[in-house]
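Engineer: Please see the structure below; I have some questions.
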Amino acid sequence: MAKLTKKQKEAQAKVDRNQALSLKDASALVKEITSVNFDASIDLAVRLGVDPRKANQMVRGVVTLPHGTGKDVKVLALVTPDKEADATAAGADYVGLDEYLQKIKEGWTDVDVIITMPSVMGKLGPLGRVLGPRGLMPNPKTGTVTMDVAKAVKEVKAGKIDFRVDKTGIVHAAIGKASFDADKIYENAEELIQTLIKLKPTASKGTYVKSIFISSTMSPSINVDIKSV
């Protein structure tokens, strides 16, 4: 087992795993215990009382974080020529169609989000093996297959993220950076949690939000009191 550095030991000492903090206090503490020498990601892990193996208990959705993710999201807009100018003006990093489809076919996936139009989805089908495992396949449910490509690009650039519960019943999401003010971390976390609560499946019985933990890159996890959200 790797030895903890002095800063990591100090961070561990500040976190009482048996104590649940309010979301506001946890959002402030996560900044204190971040010791890496780069702008660490702040991550939220929410365990839900659902069985993701059942279609009627799958939790998936999108949320626009009020303060963005702090990440420069690279967007590829796969559009027909008549939509290229709109996508470029909206801030898409890469805009085109056939040339990018060929690049993806050859293994290029150096983007975070792909946005496209319904009429183009037929061409993307054969690329599912490349895009699917990387979470890049556009989906109407997440707003990445739309006729209003410009709006979708602007929303993603502004901090719109999509999320889904994993096979263990946990939703993981990056909600900001350690350089954010504690209030901004709190407000982003609150927005995601409230969105999850609204998406509670009717088939989910018992406690829905079972636990919430917040952490930063390589930091200990902080237990959040679910009654505080």
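Take the sequence shown: its position 219, counting from 1, is numbered 207 in my numbering, and each next residue is one higher.
Each residue gets a CB set at the ideal place from its N, CA and C atoms; glycine is no exception.
The model shown is predicted, which means the values in this text are computed figures rather than measured ones.
Helix, strand or coil for Ile214, going by three-state DSSP, please let me know.
Structural biologist: As a first step, residue 214 is located in the sequence shown; it is residue number 226 there, counting from the start. Helix, per DSSP.
Engineer: Below 8 angstroms, how does it come out for the segment 83 to 95 and the segment 202 to 213: are there three or more Cβ pairs, yes or no?
Structural biologist: no
Engineer: Thinking C-beta only, is Ala166 closer than 7 angstroms to Asp27?
Structural biologist: The residue labelled residue 27 in the question sits at position 39 within the sequence shown. The residue labelled residue 166 in the question sits at position 178 within the sequence shown. For Asp27 and Ala166, yes; Cβs fall inside 7 angstroms.
Engineer: Thr52 and Lys148 look like a contact to me (Cβ under 8 angstroms); what is the Cβ gap, rounded to whole Å?
Structural biologist: As a working mapping, residue 52 is identified with position 64 in the sequence shown. As a working mapping, residue 148 is identified with position 160 in the sequence shown. With a Cβ gap of about 4 angstroms, Thr52 and Lys148 count as contacting.
Engineer: Does the segment 19 to 39 come close enough to the segment 182 to 200 that 3 or more CB-CB pairs lie under 8 angstroms?
Structural biologist: yes
Engineer: Using the Cβ count rule (16 or more neighbours within 10 Å means buried), how would you classify Pro69?
Structural biologist: Start at 1 with the first residue of the sequence shown, and residue 69 comes out as number 81. Result: exposed.
Engineer: The beta strand (DSSP E) that contains Gly84, what's its start and end?
Structural biologist: Here residue 84 is taken as the residue at index 96 of the sequence shown, counted from 1. Under the DSSP assignment, Gly84 falls in the beta strand (DSSP E) whose first and last residues are Tyr82 to Gly84.
Engineer: Could you have a look at Ala166 and say whether DSSP puts it in helix, strand or coil?
Structural biologist: Here the question's residue 166 lines up with position 178 in the sequence shown. The DSSP-derived three-state label of Ala166 is coil.
Engineer: Quick one: is Asn239 buried, meaning 16 or more other Cβ sit within 10 Å of its Cβ, or exposed?
Structural biologist: As shown, the chain starts at -11 and ends at 217. That puts residue 239 outside it, with no answer to give.
Engineer: Take the Cβ of Ala140 as the centre, count every other Cβ of all protein chains shown within 10 Å, and call the residue buried at 16 or more, exposed below.
Structural biologist: Translated into positions along the sequence shown, residue 140 becomes position 152. Ala140 should be labelled buried.
Engineer: So, helix, strand or coil for Lys59, using DSSP?
Structural biologist: For the purposes of this step, residue 59 is taken as the residue at position 71 of the sequence shown. In the structure shown, Lys59 sits in coil (DSSP, three-state: anything other than H, G, I, E or B).
Engineer: Could you give the DSSP three-state label for Asp110: helix, strand or coil?
Structural biologist: For this step, residue 110 is matched to residue 122 along the sequence shown. First, the amino acid is wrong: residue 110 is Gly here, not Asp. Of the three classes helix, strand and coil, the one that applies to Gly110 here is helix, per DSSP.
Engineer: Suppose the cutoff is 6 angstroms on Cβ atoms and the five residues either side in sequence are ignored; what does the same chain contact list for Asp31 look like?
Structural biologist: Here residue 31 refers to the residue found at position 43 of the sequence shown. Setting aside the 5 residues that flank it on each side, Asp31 is surrounded in the same chain by Ala162 and Ser203, each with a C-beta closer than 6 angstroms to its C-beta; the list follows chain order.
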